[in-house]
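Below is one structure, written out as structure tokens; the observations come after it.
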Amino acid sequence: MPARVVAGYQGGRWVPQLGGGGYLDVRQSDAHAWSEVWLAGVGWQRVDPTGWVAPARINPGLPGSTERRAAETGPLVWLQQQWRGLDLRWTGWVLGFNRQAQAALLERLLGARRDWLGLLLLAAVAFCLAVTLPLLRWGQNRGGVDPLRRELERGLVRLRRLGFEPTAGEDLGGFCARVAADRPELRTPLRRFANLYLAQRFGPPGSAAEQRAARRLLGRLLPRGLAARPDQPETG
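According to the numbering used here, the stretch in the sequence shown is residues 198 to 433, in order.
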């Protein structure tokens with residue numbers, strides 16, 4: 198006689214949920230195995246030895262399983278059961294959120310106004326862009342200028358008015374030395390200007406107060422009133 202062993206579960210516990218409905222709590226302790234035999238003209242028939250050894254586990258079904266777990270009560274157990282039910286519903290909703298579920302949700306939320314959803318989304322996107330882009334541009338213009346670089350540009354503008362332009366590939370130290378060779382009276386402020394800028398740019402960062410003081414000093418080393426020599430016309 199053909200026979201086979203089938204593994205599955207026997208029992209479980211129905212857990213009601215607060216919002217209605219519930220779920221069947223089947224645990225590993227409910228694992229069960231039984232035999233099936235093939236009868237000619239009938240097919241596979243279940244033959245469970247547990248029915249002879251412990252019929253209470255087979256005949257009552259779920260009520261018997263409920264009795265076995267009657268002691269599993271209490272606030273903590275109840276909270277755990279409710280949490281499992283909530284997680285089960287959430288997982289089922291997320292995994293089953295297809296096009297039909299999306300359409301049904303929009304129908305419940307918007308009703309007849311669902312046709313306006315596309316226009317509302319476009320208007321919301323346009324509004325966000327109209328507000329965000331100017332703010333981003335303002336932030337870039339406000340915070341994109343390096344204060345130290347700004348002081349360097351101001352110093353270069355003042356030297357440019359004296360007729361001096363940095364050449365391609367010339368570093369700040371070499372440029373200031375070239376200007377000082379032509380204008381000896383500016384040798385000391387130019388050397389301090391170059392040393393201070395390079396120390397602030399490439400040296401160890403100081404505190405915020407020290408950086409502000411260095412920028413102020415950098416701006417005063419080359420005063421605005423630098424005058425060109427009589428034989429050297431101003432530019433700019």
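The beta-carbon is built from N, C-alpha and C at its ideal position, and this holds for glycine as well.
These numbers were taken from a predicted model, which means no experiment stands behind them.
DSSP on E407, reduced to helix/strand/coil?
-> Look at E407 here: in three-state DSSP terms it is helix.
Below 6 Å CB to CB, which residues in the same chain sit around R201 once its five sequence neighbours on both sides are set aside?
-> E233.
Look up D222 in the DSSP assignment and give the residues it is bridged to.
-> Beta-bridge pairing links D222 to R210.
Given that a residue counts as buried once 16 or more other Cβ atoms are within 10 Å of its Cβ, and exposed if not, what is A323?
-> Within 10 angstroms of the beta-carbon of A323 lie fewer than 16 other beta-carbons, which makes it exposed.
In the structure shown, what three-state DSSP assignment does G240 receive?
-> In this structure, G240 counts as strand in the three-state DSSP scheme.
Pairwise C-alpha distance: W231 and G240 | Inter-residue distance for G240 and W231 is about 16 Å (C-alpha atoms, whole angstroms).
Roughly how many whole angstroms lie between the Cα atoms of R413 and T385?
-> Using only the alpha carbons, I get a separation of about 17 Å.
What separation, rounded to the nearest whole angstrom, lies between the Cα atoms of V250 and Y206?
-> Those two C-alpha atoms are separated by around 17 Å.
Compare the beta carbon distance of F390 and L418 with 8 Å and say whether it is the shorter of the two.
-> Yes, these two residues count as a Cβ contact at 8 Å.
Where R380 falls: helix, strand or coil (DSSP) | Correct three-state label for R380: coil.
Rounded to whole angstroms, how far is the Cβ of M282 from the Cβ of V223, which I believe are closer than 8 Å?
-> Note on residue identity: the sequence assigns Gly, not Met, to residue 282. With a Cβ gap of about 14 Å, G282 and V223 do not count as contacting.
Thinking C-alpha only, which one of L215, Y394 and W287 is nearest G352?
-> If we check each option's Cα against that of G352, Y394 comes out closest.
Which runs of the alpha helix (DSSP H) fall wholly inside the segment 275-357 and span at least 4 residues, in chain order?
-> Listed in chain order, the complete alpha helix (DSSP H) runs (minimum 4 residues) inside the segment 275-357 are 296-307 and 314-340.
Less than 8 Å separating the beta-carbons of L215 and Q278?
-> Cβ atoms of L215 and Q278: not closer than 8 Å.
Go through its chain and collect everything with a Cβ distance to R375's Cβ below 8 Å, but skip five positions before and after it.
-> Once the five neighbours on either side are set aside, the close Cβ partners of R375 are F361 and E367.
What residue range is occupied by the uninterrupted alpha helix (DSSP H) comprising T247?
-> Note, T247: alpha helix (DSSP H), T247 to V250.
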